[in-house]
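Only one structure is covered here, and it is reproduced in the block below.
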Amino acid sequence: MPGPVAELGPLHRVDGSAAYSHAGYNVLGAVTGPVEAQRRDEIPDEAAVDVHVRPATGVGSIKERHLEAIVQSTLRHVILVHQFPRSLVQVSLQVLSVPDTSLMAVPLSSRLTTLALLPALLQTAMHALLSAALPLSTTFTSTLVCVTRGADGGGAIRASPDPECLADAASAHAVCYSAGGELLMDMSEGDFDVDEWDAAMGVGRRICCGEKGGRGGDAVMRDEESESLQDKLRKLVAER
Amino acid sequence: MPREAELSLNEREFILKALHENVRLDGRAFDDFRKLDLTFGDEPGFTDVKLGKTRVIARVSAEVMAPLPDRKFDGIFNIVTEFSPMASPAFEVGRQTDAEVILSRILEKAIRRSSALDTESLCIIAGSKCFQIRADVHVVDHDGGLIDASCIAVVAALQHFRRPDVLVEGEKVTVLSTREREPIPLAMLHHPLCVTISYYDSGAIMLVDADLAEEQVREGEIIVTMNKNGEVCQMVKYGGTPVDALALLDCTTLALKKVQAMTKYIHQKLNEDAKKRDIGGLMAELTAENER
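In structure tokens, the structure reads:
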């Protein structure tokens with residue numbers, strides 16, 4: 000599977016923007032800020048972070064609101080909001096396309112499709128924030144990891160799985176790690192125990208930060224090259 | 000939200016003075032469009048239109064639904080436009096601006112009410128099942144000319160889209176997947192396109208495809224929607240200073256030239272894309288489309 004492709008600054012009316020595509024997910028992100036906040040959004044001692052997720056087709060619904068809430072709470076802790084009291088940082092994420100699941104025998108549950116979109120949204124938001132040059136406490140990267148159980152009970156861990164693999168998986172975890180290797184966010188779905196979770200986090204961490212932290216299951220499979228997402232991010236920004 | 004930055008008096012005067020000397024700031028002729036770039040996505044019905052710095056993405060999707068009770072033999076066709084802060088910080092989520100209302104109304108009249116899409120062909124079982132075709136217009140970058148760009152995006156997306164074929168056995172309807180049967184293109188009766196003409200000095204100066212700065216200093220706009228055969232679908236002038244009736248006629252001749260050029264460009268791009276998809280030249284054999 001080809002690695003993620005990102006472009007910084009494709010839009011010209013906003014302060015920062017990024018186009019990100021990985022594993023069939025295409026997302027366009029834009030950041031405006033810090034700008035003057037409206038009275039009702041104003042927070043006295045910090046900047047308000049406003050996240051909008053818009054689906055590829057149709058109007059936003061509960062699923063998008065849920066994703067917005069997760070992305071918002073992650074970004075709020077990364078952006079140095081206390082430096083810009085009473086202002087607003089607006090993040091818009093437009094989903095352009097998601098993998099086609101219409102040919103699958105068993106359609107993915109809506110909870111899994113929601114979860115699978117999350118890493119792409121977080122990655123796009125991070126790229127757009129870097130493009131906007133907003134002061135951040137750290138950068139972060141995010142990936143999706145899923146645990147597949149074999150017939151003998153042994154587990155296999157896969158990163159950035161395709162929809163078929165995701166449908167077979169016992170559990171899926173969207174993880175987000177800071178540049179320092181700290182876990183910023185984890186959304187897990189499905190049936191798993193502590194050991195499996197621990198192993199999945201290890202793989203997720205290695206993909207995000209490239210450190211030797213993972214003690215995976217029986218067969219740890221990685222689709223990525225040796226380069227971690229963090230390295231890729233760094234390289235992209237350096238090129239700019 | 001911050002308001003759209005208004006041009007300063009000096010900038011306004013500068014643009015107008017230049018126009019009086021037959022010069023546009025970007026060096027185009029008065030009847031020139033900005034560079035049009037049209038790309039299609041991997042899935043059918045995804046188009047990305049760039050008109051200068053303006054960028055609009057259109058997505059067409061289909062769903063099986065019950066038809067409206069008073070239109071039993073027709074499918075449903077909707078165009079959804081929503082501005083996001085991505086296009087310009089002045090756009091607020093959840094609050095419609097005038098520009099947004101005008102855009103959706105113009106597209107509605109240009110494409111839906113001119114019956115560009117044959118909705119009867121979307122009917123599966125009269126009164127109980129039909130296709131709903133939905134065109135989502137995402138304005139991603141705003142530098143004027145939204146109406147023209149959105150119209151190109153929707154019309155191109157409708158031509159690019161392929162809906163799944165259906166199998167009807169009595170009351171039972173099976174939607175065939177892409178593996179079972181090649182999806183079929185939508186039945187379009189004609190391809191209307193919009194040309195927005197901004198005027199200055201009560202119609203003495205007419206500009207085609209004004210950018211955002213030129214839009215802010217204009218006296219008014221005339222939107223002409225027509226197809227390549229020269230059939231005018233709509234002609235709109237919302238307010239502004241009065242324009243001589245003969246000048247309006249000139250607009251249609253000007254628009255026809257532009258529409259023909261754009262239709263040709265869209266057609267060429269569609270052909271290029273079709274060639275790319277036609278691996279091994281099997282498309283002619285696979286097609287499940289009925290001859291009209």
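Protein chains in written order, with numbering that gives the first Met the number 0: chain A, 0 to 239; chain B, 0 to 291.
In this text, a Cβ means the ideal position worked out from N, Cα and C, and glycines have one as well.
Legend entry - Unbroken beta strand (DSSP E) run spanning residue 33 of chain A, endpoints: 24 to 35
Legend entry - Distance between residue 160 of chain A and residue 3 of chain B (C-alpha atoms, nearest Å): 43 Å
Legend entry - Cβ-based contacts, 7 Å cut-off: residues of the segment 132 to 146 of chain B near chain A: 133, 135, 137, 139, 140, 141
Inset, instruction - Taking the CB atoms as reference points, tell me whether residue 96 of chain A and residue 127 of chain A lie closer together than 8 Å. - result: no
Inset, instruction - Pull up the distance between the alpha-carbon of residue 10 of chain B and that of residue 204 of chain A, whole angstroms please. - result: 53 Å
Inset, instruction - Kindly indicate which three-state DSSP category residue 13 of chain B falls into: helix, strand or coil? - result: helix
Inset, instruction - Output yes if chain A places a C-beta closer than 8 Å to the C-beta of residue 94 of chain B; else output no. - result: no
Legend entry - Alpha-carbon spacing of residue 22 of chain B relative to residue 93 of chain A, whole angstroms: 37 Å
Inset, instruction - Please report the residue range of the beta strand (DSSP E) in which residue 140 of chain B lies. - result: 128 to 140
Inset, instruction - Pick helix, strand or coil for residue 270 of chain B, following the three-state DSSP scheme. - result: helix
Legend entry - residue 30 of chain B: CB within 7 Å of a non-hydrogen atom of the ligand NAD: As far as ligands go, the structure on display features none, and thus does not contain the ligand NAD.
Inset, instruction - Identify each residue in the segment 37 to 67 of chain B for which the Cβ-Cβ distance to at least one residue of chain A is less than 8 Å, and report them in chain order. - result: 40, 41, 42, 45, 52, 54, 56, 58, 60
Inset, instruction - For residue 177 of chain B, return the contacting residues in chain A, with the cut-off set at a CB-CB distance below 9 Å. - result: 99, 101, 102
Inset, instruction - Have a look at the DSSP bridge pairing and note the partners of residue 49 of chain A. - result: A:89
Inset, instruction - Please state whether DSSP places residue 19 of chain A in a helix, a strand or coil. - result: strand
Legend entry - Identity of the residue in B:149, B:127, B:102 nearest residue 45 of chain B by Cα: B:149
Inset, instruction - Under 9 Å between beta-carbons, which chain B residues line up against residue 13 of chain A? List them in chain order, please. - result: 84, 85, 86, 87, 88, 140
Legend entry - 8 Å Cβ cutoff met for residue 78 of chain B and residue 115 of chain B: no
Inset, instruction - Run through the segment 173 to 238 of chain B for me and flag every whole beta strand (DSSP E) of 3 or more residues, listed as ranges in chain order. - result: 192 to 199, 204 to 207, 219 to 225, 231 to 235
Inset, instruction - Might you give, ordered along the chain, the residues of its own chain that have their beta carbon closer than 8 Å to the beta carbon of residue 216 of chain A, omitting 5 neighbours on each side? - result: Residue confidence for residue 216 of chain A is low, a pLDDT of 39 falling below 50, so the modelled location carries little weight and cannot support an answer.
Legend entry - Contact belief for residue 46 of chain A with residue 87 of chain A at Cβ below 8 Å, rounded distance in angstroms: 6 Å
Inset, instruction - Pull up the DSSP beta-bridge partners for residue 166 of chain B, would you. - result: B:173
Inset, instruction - Look at the Cβ atom of residue 174 of chain B, then the Cβ atom of residue 165 of chain B, and state whether they are nearer than 8 Å. - result: yes
Inset, instruction - Could you list which residues in chain A have their beta carbon closer than 9 Å to that of residue 1 of chain B, in chain order? - result: 31, 34, 35
Legend entry - Alpha carbon of residue 94 of chain B to alpha carbon of residue 287 of chain B, nearest angstrom: 43 Å
Legend entry - Residues within the segment 54 to 68 of chain A neighbouring chain B, beta-carbon criterion of under 8 Å: 55, 56, 57, 58
Legend entry - Best match in B:208, B:88, B:190, B:123 for proximity to residue 162 of chain B [C-alpha to C-alpha]: B:123
Legend entry - Integer-rounded CB distance, given that residue 56 of chain B should sit under 8 Å from residue 152 of chain B: 7 Å
Inset, instruction - Could you spell out the range, first to last residue, of the beta strand (DSSP E) harbouring residue 170 of chain A? - result: 170 to 177
Legend entry - Short CB-CB distance (under 8 Å) between residue 76 of chain A and chain B: no
Inset, instruction - Answer yes or no: do residue 61 of chain B and residue 146 of chain B have a C-beta to C-beta separation smaller than 8 Å? - result: no
Legend entry - Whole-angstrom distance between residue 16 of chain B and residue 142 of chain B, CA atom to CA atom: 21 Å
Inset, instruction - Please report the Cβ distance between residue 131 of chain A and residue 23 of chain A, rounded to the nearest whole angstrom; I am assuming they are in contact, meaning their Cβ atoms lie under 8 Å. - result: That belief does not hold up - the Cβ atoms of residue 131 of chain A and residue 23 of chain A are roughly 26 Å apart, past 8 Å.
Inset, instruction - State buried or exposed for residue 37 of chain A, treating a residue as buried only when at least 16 other CB atoms are found within 10 Å of its CB. - result: exposed
Legend entry - Inter-residue Cα distance where the pair is residue 179 of chain B and residue 236 of chain B: 49 Å
Inset, instruction - Could you have a look at residue 61 of chain B and say whether DSSP puts it in helix, strand or coil? - result: strand
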